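Notes for the one structure printed next.
Numbering (my numbering), first residue to last: 20 to 224.
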């Protein structure tokens, strides 16, 4: 039951972050980070950020989820993992939509390189990337042939998660606290999904 304590503390921490966001207590932090990241603006960085943010969008994430599901189902013969993958991603999407409607934070209007609609907190791209690459790492971990390949898997996932989050700030469509909030709530959701999946597997055995 100890994991419930960690989850409650994590949820309370997110609520604390959300309260600070709602009262604009993190605006100085947000503006300082935005100023630093957008101060690196260059044609090459802009092209990279646009590419990365596209990878984190639904039109790429959905095909990636389906491709991963196909590998799990056809190649690895792990049909139970489909529940974790699809359920985790669907739940993350619904959770993000619900939180956006709850907090209704407007997007930054400082220096937008691209245009986005909808509310800002928490970042949907950040939540989707954290959930997807987190689940991918969990599902593929035991299939890695060595510690080196496991390290590569972790490094790749962390790299993609961070790049997608930073790209949203660089492109001017999210505050840094939106990204941190997305990571935070996704980490909690991922912990719940994995715990329930492992418990389901234990009950079936």
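Note that beta-carbon positions come from the ideal geometry of N, C-alpha and C, so glycine has one too.
Since we're looking at a predicted model, the values are computed, not measured.
Between which two residues does the alpha helix (DSSP H) harbouring residue i extend?
i: residue 244; result: A query on residue 244 cannot be resolved here, the shown segment of the chain reaching from 20 to 224 and no further.
i: residue 67; result: 62-74
i: residue 119; result: 99-122
i: residue 79; result: 77-89
i: residue 145; result: 143-159
i: residue 45; result: It is not in any alpha helix (DSSP H) - residue 45 carries neither H nor E in the DSSP assignment.
Using the beta-carbon count (16 or more within 10 Å), is residue i buried or exposed?
i: residue 177; result: exposed
i: residue 51; result: exposed
i: residue 35; result: exposed
i: residue 165; result: exposed
i: residue 171; result: exposed
i: residue 216; result: buried
i: residue 61; result: exposed
i: residue 40; result: buried
i: residue 109; result: exposed
Leaving out five residues on either side along the sequence, give the residues of the same chain with a beta carbon under 8 Å from the beta carbon of residue i.
i: residue 218; result: none
i: residue 97; result: 91 and 158
i: residue 224; result: Since pLDDT at residue 224 reaches only 47, below the 50 mark, its modelled position is unreliable, and no value is offered.
i: residue 131; result: 190, 191 and 192
i: residue 120; result: 138
i: residue 88; result: 101, 104 and 105
Which whole-angstrom value is the C-beta distance of residue i and residue j, which I expect to be below 8 Å?
i: residue 104; j: residue 84; result: 7 Å
i: residue 114; j: residue 208; result: 6 Å
i: residue 48; j: residue 195; result: 7 Å
i: residue 71; j: residue 212; result: Their Cβ separation, rounded to whole angstroms, is 25 Å, which puts residue 71 and residue 212 out of contact at 8 Å.
i: residue 146; j: residue 205; result: 5 Å
i: residue 69; j: residue 133; result: 7 Å
i: residue 17; j: residue 167; result: No statement about residue 17 is possible, as the shown extent of the chain runs from 20 to 224 and does not include it.
Note down, in chain order, each residue of its chain lying with its Cβ closer than 7 Å to the Cβ of residue i, except the 5 sequence neighbours on either side.
i: residue 180; result: 148, 149 and 152
i: residue 135; result: 126 and 192
i: residue 156; result: 172, 173 and 176
For residue i, which residues of its own chain have a beta-carbon under 6 Å away from its beta-carbon, when the five flanking residues on both sides are left out?
i: residue 154; result: 104 and 107
The region 192-204 / the region 141-159 touching (three or more Cβ pairs under 8 Å) | yes
Hey, is the region 45-58 in contact with the region 189-196, meaning 3+ C-beta pairs nearer than 8 Å?
-> yes
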